[in-house]
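Protein chains in written order, with our numbering: chain Z, 41 to 121; chain H, 41 to 121; chain R, 44 to 801; chain U, 587 to 817. Using N, Cα and C, we set each Cβ at its ideal position, and we do this for glycine too. All values reported here derive from a predicted model rather than from experimental measurement. One structure below.
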Amino acid sequence: MPKIIVEVMPKADLLDPQGKAVGNSLKRAGHNVSTVRIGKRIELHFDHTPTEADLEAAKKAAADFLSNGVIEDVVAVTVEA
Amino acid sequence: MPKIIVEVMPKADLLDPQGKAVGNSLKRAGHNVSTVRIGKRIELHFDHTPTEADLEAAKKAAADFLSNGVIEDVVAVTVEA
Amino acid sequence: MSITIDTTKEAKATPDKHQPWKELGLKEDEYLEIKSILGRRPTSGELAMYSVMWSEHCSYKSSKIYLRQFGEKVTDEMKKHLMVGMGENAGVVDIGEGWAVTFKVESHNHPSYIEPFQGAATGVGGIVRDILSMGARPIAVMDQLRFGDVSNPDTRRVVDGVVAGISFYGNCLGLPNIGGETVFDKVYQGNPLVNALSIGALRHEDLHLASANNPGDQVILFGARTGADGIGGVSVLASETFDSTGPAKRPAVQVGDPFAEKVLIECCLELYAAKVVAGIQDLGGAGLSCATSELASNGNAGMRIQLKNVLLRDDSLTPEEILMSESQERMMAVVPKKDLAAFEAIVNKWEVEYSVLGEVIKEPRLYINWGDEEIVNVPPRSVAHDGPVYERPVKKPTWITALNKDTTANLKRAETADELATQFVEIVTSPNQASKSWITDQYDHYVGGNTALAMPDDSGMVRIDEKSGLGVALATDANGRYGYLNPYEGAKLALAEAYRNVAASGAKPLAVTNCLNFGSPENPEVMWQFKEATAGLADGCLELGIPVTGGNVSFYNQTGDVAIHPTPVVGVLGVIDNVARRIPSGWQDQGHNIYLLGETKDEMDGSVWAGVIHDHLGGLPPVVDLAKEKALAEALNAASEQGLLASAHDLSEGGLAQAVLESCLRFGVGARIFLNELKADYAIDDTAALFSESTARVLVSVGREDDVKFVGLCEARGIPVHRIGVTDGTNLEIQGIANWELENLANAHANTLPELFA
Amino acid sequence: MKIGVVTFPGTLDDRDAARAVRLAGGEAVSLWHADTNLHDVDAVVLPGGFSYGDYLRCGAIAAQAPVMQTIIEKANEGLPVLGICNGFQVLVESHLLPGGLIRNEHQHFICRDQKLIVENVDTAWTNQFTLGEEITIPLKNGEGGYIADGETLKRLEGEGLITFRYSEVNPNGSMNNIAGLRNARGNVVGLMPHPEHAVEPGFGPDTKVAMRSGVDGLKFFTSVLKSLVEA
Ligand SMILES: Nc1ncnc2c1ncn2[C@@H]1O[C@H](COP(=O)(O)OP(=O)(O)O)[C@@H](O)[C@H]1O
Ligand SMILES: [Mg+2]
């Protein structure tokens with residue numbers, strides 16, 4: 041069944057302590073990453089194929105409830121097969 | 041600059057208390073979701089356009105370190121523009 | 044991206060260039076003053092520095108003239124234990140055996156309303172760095188919280204975020220949370236108060252100060268990298284009301300990383316032990332602007348700083364933004380050149396990043412360059428210490444007379460036993476009187492292995508010396524309702540209650556800190572409340588003989604024209620020679636006698652009873668008599684030293700009813716209470732006996748074998764003492780009124796907050 | 587007997603664990619995360635805290651530390667290792683113990699005096715307890731929910747590897763009330779609650795006898811000393 045995926049990341053300007061710790065660890069292990077940022081992938085499952093209305097509702101929930109606009113950005117809300 | 045995105049989700053048959061709590065809230069607010077699951081979206085940034093080798097290394101890190109195979113699945117490791 | 048740099052050269056060349064001083068929160072006369080100090084217009088970097096450092100939050104410009112009395116109304120005796128007084132990052136108190144402690148409470152109110160989790164978390168982080176910068180190992184934290192009405196939907200957002208933020212940051216630092224306050228009142232709806240307190244311990248010889256005075260010493264910034272966090276935070280968040288339009292493109296909030304701070308703490312302690320740090324300052328509000336100017340100003344010296352050496356998280360930051368950034372988990376050290384290698388070895392061990400920004404110079408001038416360009420050239424004192432001082436207009440509110448006349452005299456009192464019993468339950472299960480364990484269970488109070496008392500006991504107590512058992516106790520209090528009725532008495536009442544809490548735990552009160560939460564200083568009526576409260580606190584401290592060692596002022600806690608109640612949070616620190624003799628706040632054994640110490644009067648104005656039962660606030664708060672508080676504290680201390688007390692619990696909000704219930708619930712031991720003699724002796728009714736909030740009272744339990752001795756001790760000291768019951772069984776019986784199974788009361792008391800917020 | 591206590595960046599209860607070792611009569615040796623050398627210790631404690639901020643997954647970054655590579659190797663050869671809270675999470679992330687630890691079911695950090703049933707006394711760290719004994723030690727965690735797949739749970743139950751179970755209250759939603767586990771050999775034990783906070787009268791959990799007088803945690807440390815003497 042297709043589902044809706046909401047992706048939320050910490051705002052680019054703000055410290056992401058988790059990403060920092062993981063980035064340092066990857067660098068110690070020899071990876072040549074410059075920065076790591078860690079956000080959320082939220083899967084909304086439905087009993088039916090999500091409709092346009094479900095997607096609209098998800099976008100609203102993503103902005104109002106699933107993310108905190110003061111410190112996070114919603115980077116995508118998409119339907120995934 | 042393109043980056044590598046690693047997406048990790050809790051295993052489908054295991055408990056996801058955070059997803060459950062968010063799912064209940066959404067339902068209370070009138071959304072008709074059936075289940076919510078919350079995983080991670082990990083962005084690996086580079087100083088250069090990531091190479092095939094970087095992607096291979098990321099896939100390995102995703103499996104060994106960025107996820108814990110006992111409780112999580114890596115659902116995707118992709119290069120994103 | 045290229046940045047246009049405003050240099051001192053440019054400033055001289057373009058004297059009339061328009062500058063956004065107003066947007067940065069400066070007043071016109073302040074801007075003109077800056078021009079006259081510099082003999083030219085400031086560069087944009089200088090303007091940024093002056094604007095944050097001269098903000099209310101950093102300069103105390105409206106409060107300074109009143110805070111002075113904390114340093115003036117003191118006797119030599121009071122100063123005896125004071126190693127560092129007001130003005131430093133935190134005061135330092137000698138507690139004997141070569142040990143000293145430093146403690147302070149600070150507000151993070153506005154940021155916690157905007158982003159409760161991070162606001163509260165960084166509030167804890169900030170106060171802990173203050174303590175660390177004195178050379179002390181932080182050993183505990185406390186939190187003083189005021190939220191809006193429980194029925195307002197926004198309250199939940201704030202409560203959830205704030206409690207989780209404090210829990211996250213404090214737990215992750217490994218600092219036990221040993222107490223605090225939680226109050227709900229609609230006056231805090233748009234202005235929740237989030238105050239955080241930290242205490243640290245140090246050996247006398249480890250004292251460090253924020254001072255740079257040796258030319259040639261290296262100025263080093265270490266810890267987290269500098270990013271765009273909280274830029275403008277100081278002026279926009281902490282000093283202006285919310286409707287002001289500040290520069291909003293950069294984030295107004297800061298994000299905390301307790302892990303980075305924990306590492307920074309261990310790293311700093313190792314640096315201190317290696318004696319490689321000549322001066323140290325934490326970076327809090329106003330970031331680098333504050334740290335550089337204060338270090339130089341405190342040392343009567345200057346500095347040459349290369350701003351390009353600051354390690355950045357984000358290369359797009361302008362020099363002004365770097366100067367103002369409030370990125371967390373950073374410290375600035377002044378290190379003699381000869382010690383640089385040792386310094387580097389230690390920070391490298393902890394994988395803490397650092398960079399040398401410049402050096403100390405003899406000339407009392409702060410020069411900051413951006414590459415080859417000079418962007419700041421100022422006298423550091425003018426930035427850090429000689430900011431504006433206001434004597435703001437003060438006006439006694441006209442409404443206060445009517446308010447004080449509107450007493451509880453005509454409120455209906457319970458007439459039957461059933462009514463009293465119902466009121467009893469209603470009061471003890473109301474959100475402010477109910478158990479706070481839903482909150483405090485989210486805080487680690489075990490970490491460190493030295494916590495001798497924590498919630499729900501009257502004060503938090505930690506052992507400092509593992510061999511001798513030497514320890515300290517801390518309690519904080521404030522009652523905004525009392526403060527509203529009479530700010531002078533309100534402040535004294537807060538002091539008296541915190542003092543009594545410390546004494547009840549067996550410790551000897553020694554010193555005071557405070558966080559003064561008020562509305563807008565530009566409102567003369569608020570300024571009057573502030574003036575009264577500070578006078579009350581200073582007078583009270585003088586009377587009790589314990590000095591104020593430091594504190595914090597938070598103004599602009601108001602929404603539109605409506606200010607919060609004056610909420611002066613007062614923290615009292617006590618010392619105890621051996622924590623093994625601490626006293627719990629509840630009865631532990633069956634068959635002990637229960638005594639009420641102190642005098643009960645019919646004082647219902649401002650009480651919980653008036654608030655919960657009648658939604659009433661008017662009249663005058665209970666009379667505070669500090670001589671009596673002192674005598675009571677001395678009696679408790681003597682009794683505790685002789686091991687006579689099985690428990691002691693102070694009476695405060697909710698009166699005897701609340702104290703009896705809490706004493707029962709502490710260890711699940713019941714009691715039979717009789718009020719007849721008390722009522723007869725003081726000519727009061729049941730309502731007053733149960734719910735009056737008369738001060739200078741403590742409820743104790745005493746084993747039969749110590750009875751005679753204990754009563755004798757009280758009588759000899761002139762402390763009124765009434766036997767009002769005996770510990771017994773698993774019920775709470777108040778004779779003639781009610782008989783409850785404790786378990787039922789316990790559940791009701793415990794469930795209020797989870798039912799609202801879980 | 588020398589018991590190593592590991593400090594990672596972000597470890598919090600290392601000093602408490604060292605105190606517990608001393609109170610039990612052992613010598614505590616501090617081990618640094620970046621050091622592969624175990625300095626000849628006879629056993630190792632991985633204490634509680636938030637190693638590396640608990641970022642990514644609790645214990646995941648610490649499991650990569652140099653000191654852990656030696657500990658994993660030696661543990662497989664029989665070195666007694668106790669993982670407390672974050673230390674338990676490190677053991678799980680190091681695959682010395684099975685399963686995983688996730689966010690508490692109620693989503694909050696919780697600090698409480700927790701009752702446990704001792705389910706297994708044939709390990710280096712539990713031999714001083716009696717089977718079925720109820721003990722009280724502090725619990726404090728945000729991510730203490732034990733999970734494992736059905737197969738693993740079956741194996742844990744079948745082989746008797748569950749060492750402690752929560753009693754009366756399951757504080758974090760752990761499957762089968764699991765509070766602590768052992769490996770097959772019995773030298774590696776991990777649990778979420780904190781025995782090192784119940785070792786000194788005056789600073790432990792309340793008991794019926796007196797406030798803060800609970801010292802049930804001491805037996806973990808006397809157990810390992812005993813097993814070392816007998817080994
Ligand atoms: N926000 C909080 N954080 C920590 N401890 C708290 C908090 N709120 C209340 N407490 C604790 O709960 C107990 C009861 O609080 P309270 O009734 O306000 O005490 P008191 O009346 O003695 O000042 C005290 O031990 C206090 O320290
Ligand atoms: Mg009290």
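Cβ-Cβ distances below 7 Å link U:T738 to P684, G685 in the same chain, with the five nearest sequence neighbours on each side left out; the list follows chain order.
With contact defined as three or more Cβ pairs closer than 8 Å, the stretch 625–638 of chain R and the stretch 250–264 of chain R are not in contact. Close partners of U:D621 in chain H (Cβ separation under 7 Å) are lacking, with about 21 Å as the shortest Cβ gap.
Z:K67 and Z:G59 have their C-alpha atoms some 12 Å from each other. C-alpha of R:V471 to C-alpha of R:D658: approximately 15 Å in a straight line. Residue environment analysis places R:T730 among the buried positions, since at least 16 neighbouring C-beta atoms fall within 10 angstroms of its C-beta. Within 9 Å of the CB of U:L642, the CB atoms of chain Z belong to Q58, A61, V62, S65, I78, in sequence order along the chain. Within the stretch 712–800 of chain U, the complete beta strand (DSSP E) runs of at least 3 residues fall at 720–727, 731–733, 748–752, 764–768, 774–777.
Among the residues facing chain H, U:Q693 is included, as its CB has a counterpart in that chain under 8 Å away.
DSSP places R:K535 in the helix class (H, G or I) of the three-state scheme. Annotation for R:Q161: the continuous alpha helix (DSSP H) segment containing it runs 159–175. Distance from the CA atom of U:L777 to the CA atom of R:G114, rounded to whole angstroms, is 52 Å. The shortest CA-to-CA distance from R:K107 to any of R:K448, R:D508, R:T577, R:L90 is the one to R:T577. The Cβ neighbour count for U:F789, taken over all protein chains shown within 10 Å, is at least 16; the residue is labelled buried. In this model, R:A384 and R:Y397 are separated by some 13 Å (Cα to Cα). Put simply, the backbone Cα of U:R771 is about 41 Å away from that of R:M498. Straight across, the Cα-Cα distance linking Z:S65 with R:A495 is about 38 Å. Contiguous beta strand (DSSP E) elements confined to the stretch 697–725 of chain R occur at 714–716, taking only those with 3 or more residues. In its chain, beyond the 5 residues on either side, G266, A267, D300, A303, E304, L307 have a beta carbon closer than 6 Å to the beta carbon of R:E372. R:W442 is classed as exposed because its beta carbon has fewer than 16 other beta carbons within 10 Å across all chains shown. Segment contact: the stretch 619–632 of chain U against the stretch 512–530 of chain R, fewer than three CB-CB distances shorter than 8 Å; contact not assigned. Sequence-ordered contacts of the stretch 291–318 of chain R with chain U read D300, P301, F302, A303, K305, V306, E309 [C-beta pairs closer than 9 Å]. Straight-line spacing of the CA atoms in R:I323 and R:M367 works out to 19 Å. Contact between the stretch 553–569 of chain R and the stretch 589–596 of chain R is present: three or more C-beta pairs spanning the two stretches fall below 8 Å.
Across the set R:W571, R:T444, R:G614, the C-alpha of R:W571 shows the shortest separation from the C-alpha of R:F598. The way I'd put it, the stretch 786–798 of chain R does touch the stretch 471–482 of chain R; three or more beta-carbon pairs between them come closer than 8 Å. Going by DSSP, U:F806 is part of the alpha helix (DSSP H) stretching over 804–816. Residue-level contact by beta carbon holds for Z:A69 and chain U, with a gap shorter than 8 Å. With distances taken between CA atoms, R:R246 lies nearest to R:I507 out of R:T361, R:Y103, R:I507, R:E417.
If you look at U:D602, you'll find it in the alpha helix (DSSP H) that goes 600–609. Using a CB distance cut-off of 8 Å, Z:K51 counts as an interface residue toward chain R. Note on the stretch 744–785 of chain R: whole alpha helix (DSSP H) runs with a minimum of 4 residues are 750–759, in chain order. Taking C-beta separations shorter than 6 Å and ignoring five residues to either side along the sequence, the partners of Z:L106 in its chain run V46, I82, following chain order. Secondary-structure assignment with DSSP links Z:K43 through a beta bridge to Z:E120. By the rule that beta-carbons nearer than 8 Å mark a contact, H:I111 touches chain U. Under DSSP, R:L496 forms a beta bridge with R:M504.
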